[in-house]
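Everything below concerns the one structure shown next.
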Amino acid sequence: GAGVSQSPSNKVTEKGKDVELRCDPISGHTALYWYRQSLGQGLEFLIYFQGNSAPDKSGLPSDRFSAERTGGSVSTLTIQRTQQEDSAVYLCASSLALGSAYEQYFGPGTRLTVT
Amino acid sequence: QQPVQSPQAVILREGEDAVINCSSSKALYSVHWYRQKHGEAPVFLMILLKGGEQKGHEKISASFNEKKQQSSLYLTASQLSYSGTYFCGTEGNSNYQLIWGAGTKLIIKP
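So the sequence lines, in the order shown, correspond to chains A and B.
Counting in the working numbering, the first sequence tops out at residue 133, every number present.
Counting in the working numbering, the second sequence tops out at residue 406, every number present.
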């Protein structure tokens, strides 16, 4: 079956512009996660969604970052007034459910470059 | 706090063994291991839960010492396909948030 997909695969934007990153999770997966990975670094947790419950936003680095998940499926991560330090690969992952024992399936990521 | 992975990098000949360690300063509920090849998404290897439950691929083995807040990933008879960067993600207090280590880069040479 289809895996997690993300779009666009690459995004170059000017400092100060807003960007939207999209994630399509695996069908039937109720949990969805966003991570940020800077060059040569590990993953940084941003936010997770579980079904229609309120998301855990505690990892979002500033109020310029927001995310939503419509209909319990597709998710969009929005970064407003982008800064150069926002440049990174943004990874989305989904899992069958929210829980410590569930493996996460990652998408290919969106490489964001802020110039 | 980010878990500490060691070594940062290791170079092996095909067929050799390796151990990758992940250590946290906080009590852990679970440890997750993933492998990421250059330019690709991370791929699941293993989950180790407090209490001893494990879930993962048959050819991968790992340990979780709850008291020491440490986990180790054991790669035996390494193959060229094992090359990549290995990340551990740690979860404290069953809050479903994974805090990731900086990664261990593994290079396998023929």
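Virtual Cβ for every residue (Gly too), placed ideally from N, Cα, C.
Following the DSSP letters along the chain, one finds aspartate 81 of chain A in no beta strand (DSSP E), marked with neither H nor E. Distance from the CA atom of cysteine 110 of chain A to the CA atom of glycine 34 of chain A, rounded to whole angstroms, is 23 Å. Contact fails between the segment 357-367 of chain B and the segment 303-310 of chain B, because fewer than three Cβ pairs, one in each stretch, are under 8 Å apart. Rounded to the nearest angstrom, the gap between the Cα atoms of serine 27 of chain A and glycine 125 of chain A is 10 Å.
Around the Cβ of histidine 47 of chain A, a 10 Å sphere holds 16 or more other Cβ atoms; the residue is buried.
DSSP places valine 339 of chain B in the uninterrupted beta strand (DSSP E) bounded by 339-345.
Close partners of lysine 351 of chain B in chain A (Cβ separation under 7 Å): Ala119. With respect to leucine 130 of chain A, glutamine 68 of chain A sits apart: the two C-beta atoms are not nearer than 7 Å. Counting other Cβ atoms within 10 Å of its Cβ, alanine 20 of chain A stays below 16 and is therefore classed as exposed.
A distance below 7 Å separates the beta carbons of serine 320 of chain B and threonine 386 of chain B. Neighbours of glutamate 387 of chain B across chain A, judged by C-beta separation under 8 Å: Ser118. Around glutamine 122 of chain A, the same chain offers Ala111, Ser113 as residues with beta carbons nearer than 6 Å, after the five sequence neighbours per side are excluded.
Under the three-state reduction of DSSP output, leucine 376 of chain B falls in the helix class.
Per the C-alpha coordinates, the member of B:Val300, B:Gln297, B:Gly311 positioned closest to serine 377 of chain B is B:Gly311.
With contacts defined as CB atoms closer than 7 Å, threonine 381 of chain B and aspartate 313 of chain B fail to qualify as a contacting pair. The Cβ atoms of serine 379 of chain B and isoleucine 404 of chain B lie closer than 7 Å to each other. Using a Cβ-Cβ cut-off of 7 Å, glycine 399 of chain B is close to Gly60 of chain A, given in chain order. Counted as a single uninterrupted DSSP element, the beta strand (DSSP E) harbouring valine 30 of chain A occupies residues 28-31.
With respect to chain B, the C-beta atom of proline 26 of chain A has no partner C-beta closer than 7 Å.
Listed in chain order, the positions of the segment 334-346 of chain B with a beta carbon within less than 7 Å of a beta carbon of chain A are Ala337, Pro338, Phe340, Ile343, Leu345. In the three-state reduction of the DSSP assignment, glutamine 102 of chain A falls in the helix class, which pools H, G and I.
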